[in-house]
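Novice: One structure coming up, written as C-alpha cells, with questions to follow.
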Amino acid sequence: MTTNSPGAIPATTFNWKQARRAALAACAALALATAPAVAPPTAEAQNATSGVTSRTVDMWPAAPHRRPADPYIEARIATIVSRMTLEQKIGQMTQAEIRSITPEQAREFHIGSILNGGGAWPAMHKHAAPAEWAALSGAFYAASMSTDMATPVPIIWGTDAVHGHNNVFGATLFPHNIGLGAARDPDLIYRIGRATARAVRATGITWAFAPTLAVVQDQRWGRTYESFSSDPALVRAYAGSYVRGLQGALNGDTDVIATAKHFLGDGGTWRGVDQGDTRTGLADLIRTHAQGYYGALDANVQTVMISYSSWNESGVGERGARMHANRYLITDVLKGRLGFDGLVVSDWNAIEQVPGCTRTHCPEVINAGVDMVMVPDDWRAFIDETVADVRRGDIAVSRIDDAVSRILRVKLRSGLFDSSPAASAAAMEAASITDAPLAREAVRKSLVLLKNANRALPLARESRVLVIGKGADSFPLQSGGWSRTWQGTENVNEDYATGETLLAGIRRVVGADHVRYSETGAGVDPRQFDVVIAALAEQPYAEMKGDVTFPATMSHSARYPEDLAALDAVSGQGVPVVTVLYSGRTVYANDLINRSGAFVAAWLPGTEAGAIADVLFRGPDGRVQHDFSGRLPFAWPRTACDSTGRAARFPAGFGLRYSRPQRLGALPEGSAAAPCSQ
Ligand code: GLC
C-alpha cells in the first residue's frame, strides 16, 4: 500500500478528502467479506453466450483515449454495492415506463430508472408544460431517495430526445438526423446536442436515448431518417460531436447522459427489415457499423443501447444470434477491447426476442453484458424472476455487481447523487426547450438541391406564388416520426406551439396577399402566378411502421399518388414549378423531378420548415441570402427498386448550388409501381 493509495493516510498533514476515500474503501472491503451467501454461478452462467462462440477481439482497433477510473467514485460504488441486497440490486437494473409505475412503487422496488416512451407524458397530458415534467421527475427522485436502502440511489429518467425534446409540447424539433447528415457540419451537431440537453434538463430529465449511430445500407428501413448517413466516417465524426454536445461536462445543470444506439449493426439488416438480420462479415461490421461507436467512446459516451437486430456473419441460413444475447460483442468487444465502462441498456421489451426468453425473464441477456433492462410494463415480474435466476446460480453475483456498479458509476459521474434534477429544472426558463434560430440554421443547411432548370431558383421576393401539396402547412408532416408521439401521427398543427410551416414562411417572405394555397392544385390556373411551390410529403412513421417491405418499390408516387396528381395539375403550363419533398429517406422520384423546374430534398425539417423559404427566395436587396449547401447523405435511387444506392441517380455527396447549376434532361419514367424482383 503506498502513500498514494486510498488506504494510506500520510504522516504529515491530515487530508480529509483522502481520509474519506480511505474510510469508504475500508467499508467496502469489510462489507464484501460479509456479503450473504448465494449459489456459485453455474457453468452455463459463466459461459453463457447465445449463438456466438468466444473468439478473439484482436481484429477490433483498440479505442483511443480510455479514461482512468476515479478512485473516489470507485470507492463509493464499492461501498454502496456492498450494502445492497440482491432485490435492491435487481431493482436498480430495472427500467420501467412512466405509464406503468408510480413514484411509490419505484421506492418500494428500488427501481433504478424510468423512461417515457414516445407518446407518454406526465398524467398523459399531451400539452404538459416543462414544469409538469419536472414535477413528476421530482416525485420519482424524492421517492428513490427515501427507499430502505443503506445508501439510497437516485433514479434516472431516460427519454427519446432524438431531434430536440420531441415529446414535449412547445419544444423546438430540429431536422431529423438524415437532414443533419446532409449539412455535413459537426459543429452544428455539437450545438444541437447542447440545445437538446438544455431542453431535456428543463423538464427534469437527465438521460437522452440519442444519438442513433446506424450506418444505413438499405433505405427500405423505416428508421433510415434516424441515421446521419451511409458514410461511416461522417457518422463517426457526428457521434463525437453529438455526444459532447449532449454530455457537456457530464454533471452540469444543462448536461444529459447520451446513448450510443443501437449496438451493433441496426442499419445493416437484410432488405432493411427493422429488427432484422445483419448479414455481413466481421471486417465490414467493424469498418462500417462500428465507426459511430468509436466516435462516441472517444467523446466519453456513458450509455449504449443494444439493437433488436441480429448479426449473421455467415450471411446465409438461419438468422444470426440476437444482439441482445451476443456476449462476444457486448462484453468481450464493447466492454473489454473498447474499454466501455458505462452502462449497457436493452431496448423496449427486446429481451423477449431472444430464443427461450420472455419479456420478464432472460438471464442470457444479463450474462451477455446488458446492465439495465428496459421492461416498460412487466418490471415487477422481471425483478422476481431475475432474483430467482441469481439464487439458482443462472446469473453470477459478480455479473450483477458489475451491472449495478456501472449504473452507479454513470449516476455518480452525472452528479445525480448531488441534487434532484427537478431543482435545477425549476431554475431554468420554460423557453429553454426552444431554439428557433439554431433549428432554422439546421434546416437551411440540410436542404439538397437536385435540379434547377433554367435557373428557376432563386425566386424574386415580388413573386406571386401558388402553393400546393399536403406538406405545405402541416407540422406533423414536416416533423415526421418521434414527434409528440411515437409515430408522429395523431397530431394536428395545434399540437405544435412554436415553429413555422413552409406556407407560413412563404407568406412571411412575399406577403400573404401574394400567396394562394391549394393542397391539390385542382381547379387553380397556375398561369395567374409567377411560380408554383409544391410541398410533397410522406405520412409520419417510426421503426417497423416505416419499412418499405419487399417487393414494394422505393417510388414516392407509388405510395403517395396524390403528390404526383398535384404536380400533374400545375406542371407543363409555362409556370416554373419548385418542388420541395419531405421524406425520411431518398426515394425514386423521376416522375416528380420531370414535372419540376427545381427539386429540393428537404428530408424531415422539424418545426422550423419555414426557413426553407429563406433559401428559395432572394433577400430584400435582391441578392441570394442563403445558397444551398447540403449534400446527399445517401445515394438517390436511379430505379424504383434501388434501395441501396448501387445504381444511383445522384451519388451520396451530390448537391447543386446557385453558383453551380447543372443541366438535367428528362428522366425515364418506368412503371414505378411494379413489384421488385430479387
Ligand atoms: C424503441 C427504440 C429505441 C428507443 C426505445 C425507447 O423501440 O428502438 O430507439 O430508445 O424504444 O423508446
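1 is the number of the first residue of the sequence shown in the working numbering; add one for each residue after it. Glycine included, each C-beta is placed from N, C-alpha and C at the ideal position.
(1) Hey, lysine 254 and serine 432: beta-carbon distance below 9 Å or not?
(2) Could you give the distance in angstroms between the alpha-carbon of asparagine 454 and the alpha-carbon of leucine 567?
(3) With a threshold of 6 Å on Cβ separation, who are the neighbours of alanine 589 within its own chain once the five nearest residues in sequence on each side are excluded?
(4) Taking 9 Å as the threshold (C-beta atoms), are threonine 269 and serine 314 in contact?
(5) Three-state secondary structure (DSSP) at threonine 520?
(6) For threonine 360, which of helix, strand or coil comes out of DSSP?
(7) Tell me whether the beta-carbon of leucine 180 lies closer than 9 Å to the beta-carbon of alanine 208.
(8) Helix, strand or coil, according to DSSP, for isoleucine 192 in the structure here?
(9) For glutamate 562, does the three-state DSSP call read helix, strand or coil?
(10) With a threshold of 8 Å (Cβ to nearest heavy atom), would leucine 115 be considered close to ligand 1?
(11) Which one of Gln528, Asp284, Phe634, Lys445 has the shortest CA to CA distance from aspartate 187?
(12) Since I believe alanine 296 is in contact with valine 243 (beta carbons under 8 Å), could you give me their beta-carbon distance rounded to a whole number of angstroms?
(13) Straight-line CA distance for lysine 470 to proline 668?
(14) According to DSSP, simplified to helix, strand and coil, what is tyrosine 541?
(15) Can you look up glycine 158 in the DSSP assignment and give me helix, strand or coil?
(16) To test your reading of the DSSP string, which unbroken alpha helix (DSSP H) runs of 4 or more residues are found completely within the stretch 387-413?
(17) Would you kindly check if the distance between the Cβ of arginine 516 and the Cβ of valine 575 is under 9 Å?
(18) Is the beta carbon of histidine 556 within less than 8 Å of some heavy atom of ligand 1?
(19) Which residues does DSSP pair with glutamine 95 in a beta bridge?
(20) Would you mind working out which of His127, Ser671, Arg67, Ser419 sits nearest asparagine 166, comparing C-alpha positions?
(21) Shortest alpha-carbon distance to valine 153 belongs to which of Phe634, Asp435, Val410?
(22) Would a C-beta distance cut-off of 9 Å place aspartate 332 and methionine 305 closer than the cut-off?
(23) In three-state DSSP terms, what is proline 476?
(24) Starting from arginine 444 and walking both ways along the alpha helix (DSSP H), at which residues does that stretch end?
(25) Could you spell out the range, first to last residue, of the alpha helix (DSSP H) harbouring leucine 246?
(26) Near histidine 361, what residues of its chain come up, given a Cβ to Cβ distance below 6 Å and the 5 sequence neighbours on each side ignored?
(27) Given the structure, does histidine 262 come close to ligand 1, in the sense that its CB is under 8 Å from one of the ligand's heavy atoms?
(28) Given that a residue counts as buried once 16 or more other Cβ atoms are within 10 Å of its Cβ, and exposed if not, what is histidine 110?
(29) Of all the options Ser307, Arg559, Gly117, Phe475, which has the alpha carbon lying nearest to the alpha carbon of valine 344?
(30) May I ask whether a heavy atom of ligand 1 can be found less than 8 Å away from the beta carbon of tyrosine 308?
(31) Is it the case that the CB of glycine 118 approaches a heavy atom of ligand 1 more closely than 8 Å?
(32) Going by beta carbon distance, what residues of the same chain come within less than 6 Å of proline 122, once the five residues before and after it are set aside?
(33) For tyrosine 658, which three-state DSSP category applies?
(34) DSSP state of asparagine 300, grouped into three classes?
(35) Can you tell me the Cα-Cα spacing of leucine 581 and threonine 94, whole angstroms?
(36) Using only CA atoms, which one of Gly622, Arg618, Thr644, Ala601 lies nearest to phenylalanine 654?
Specialist: Here's the rundown:
(1) The residue labelled residue 254 in the question sits at position 254 within the sequence shown. The residue labelled residue 432 in the question sits at position 432 within the sequence shown. Per the sequence shown, residue 254 should be read as threonine rather than lysine. For threonine 254 and serine 432, yes; Cβs fall inside 9 Å.
(2) Within the sequence shown, numbered from 1, the residue matching residue 454 stands at position 454. Within the sequence shown, numbered from 1, the residue matching residue 567 stands at position 567. For asparagine 454 and leucine 567, the distance between alpha carbons rounds to 18 Å.
(3) Residue mapping note: residue 589 aligns to position 589 of the sequence shown, counting from 1. Within the same chain, alanine 589 has close Cβ partners His556.
(4) Locating residue 314 in the sequence shown gives position 314, where the first residue counts as 1. Locating residue 269 in the sequence shown gives position 269, where the first residue counts as 1. Taking C-beta atoms as the reference points, serine 314 and threonine 269 fail to come closer than 9 Å.
(5) Here residue 520 refers to the residue found at position 520 when the sequence shown is read from its first residue. Residue state, collapsed to three classes: coil.
(6) Taking the first residue of the sequence shown as position 1, residue 360 is located at position 360. The three-state secondary structure of threonine 360, taken from DSSP, is coil.
(7) By one-based count along the sequence shown, residue 180 stands at place 180. By one-based count along the sequence shown, residue 208 stands at place 208. For leucine 180 and alanine 208, no; Cβs fall outside 9 Å.
(8) The residue you call residue 192 lines up with position 192 of the sequence shown. DSSP places isoleucine 192 in helix when its eight states are reduced to three.
(9) On the sequence shown, residue 562 is found 562 positions in, with the first residue counted as 1. Here glutamate 562 sits in helix by DSSP.
(10) On the sequence shown, position 115 is the one that residue 115 refers to. Relative to ligand 1, the beta carbon of leucine 115 is positioned inside 8 Å of a heavy atom.
(11) Translated into positions along the sequence shown, residue 187 becomes position 187. It is Lys445.
(12) Counted from its first residue, the sequence shown places residue 243 at position 243. Counted from its first residue, the sequence shown places residue 296 at position 296. The C-beta separation of valine 243 from alanine 296 comes to about 5 Å, placing the pair in contact by the 8 Å criterion.
(13) Against the sequence shown, residue 470 aligns to sequence position 470. Against the sequence shown, residue 668 aligns to sequence position 668. Taking the straight line from one Cα to the other gives about 26 Å.
(14) The residue labelled residue 541 in the question sits at position 541 within the sequence shown. Looking at tyrosine 541 - three-state DSSP - the assignment turns out to be coil, as it is neither helix nor strand.
(15) Counting from 1 along the sequence shown, the entry for residue 158 is found at position 158. In the displayed model, glycine 158 falls within a strand according to three-state DSSP.
(16) Contiguous alpha helix (DSSP H) elements confined to the stretch 387-413 occur at 397-413, taking only those with 4 or more residues.
(17) As a working note, residue 575 is residue 575 in the sequence shown. As a working note, residue 516 is residue 516 in the sequence shown. Cβ distance not < 9 Å, so valine 575 and arginine 516 don't count as in contact.
(18) Position 556 of the sequence shown, counting from 1, holds the residue named residue 556. Not so, every heavy atom of ligand 1 lies at least 8 Å from the Cβ.
(19) Sequence index remark: in the sequence shown, residue 95 carries index 95 (1-based). DSSP output for glutamine 95 lists Ser113, Met374 as bridge partner(s).
(20) For the purposes of this step, residue 166 is identified with residue 166 of the sequence shown, where counting begins at 1. Comparing Cα positions, the closest option is His127.
(21) By 1-based counting over the sequence shown, the position of residue 153 is 153. Taking each of Phe634, Asp435, Val410 in turn and checking the Cα distance to valine 153, the smallest one comes out for Val410.
(22) Position 332 of the sequence shown, counted from the first residue, corresponds to residue 332. Position 305 of the sequence shown, counted from the first residue, corresponds to residue 305. No, the pair does not count as a contact, with Cβ atoms beyond the cut-off.
(23) Within the sequence shown, residue 476 is the residue found at index 476, counting from 1. In this structure, proline 476 counts as helix in the three-state DSSP scheme.
(24) Indexing the sequence shown from 1 puts residue 444 at position 444. Under the DSSP assignment, arginine 444 falls in the alpha helix (DSSP H) whose first and last residues are 436-446.
(25) Counting from one through the sequence shown, the residue named residue 246 turns up at place 246. Start and end: 232-247.
(26) For the purposes of this step, residue 361 is identified with residue 361 of the sequence shown, where counting begins at 1. Result list for histidine 361: Glu385, in chain order.
(27) The residue given as residue 262 occupies position 262 in the sequence shown. Taking 8 Å as the cut-off, one finds at least one heavy atom of ligand 1 near enough to the beta carbon of histidine 262.
(28) For the purposes of this step, residue 110 is taken as residue 110 along the sequence shown, with counting starting at 1. Its Cβ being crowded by 16 or more others within 10 Å, histidine 110 is buried.
(29) The residue labelled residue 344 in the question sits at position 344 within the sequence shown. Per the Cα distances, Ser307.
(30) What you label residue 308 is simply residue 308 of the sequence shown in a count that begins at 1. Flag set: Cβ of tyrosine 308 near ligand 1.
(31) Within the sequence shown, numbered from 1, the residue matching residue 118 stands at position 118. Under cutoff, so the answer is yes.
(32) Position 122 of the sequence shown holds residue 122. If you ignore the 5 residues before and after proline 122, its C-beta comes within less than 6 Å of the C-beta of Ala128, Glu132, Trp133, Leu136, all in its own chain and listed in chain order.
(33) Here residue 658 refers to the residue found at position 658 when the sequence shown is read from its first residue. Three-state result, tyrosine 658: coil.
(34) To locate residue 300, count along the sequence shown from 1; it is residue 300. Residue state, collapsed to three classes: coil.
(35) Locating residue 581 in the sequence shown gives position 581, counting from the first residue. Locating residue 94 in the sequence shown gives position 94, counting from the first residue. In this structure, the straight-line span from the alpha carbon of leucine 581 to that of threonine 94 is close to 42 Å.
(36) The sequence position of residue 654 within the sequence shown is 654, counting from 1. Of Gly622, Arg618, Thr644, Ala601, the residue nearest in Cα terms is Ala601.
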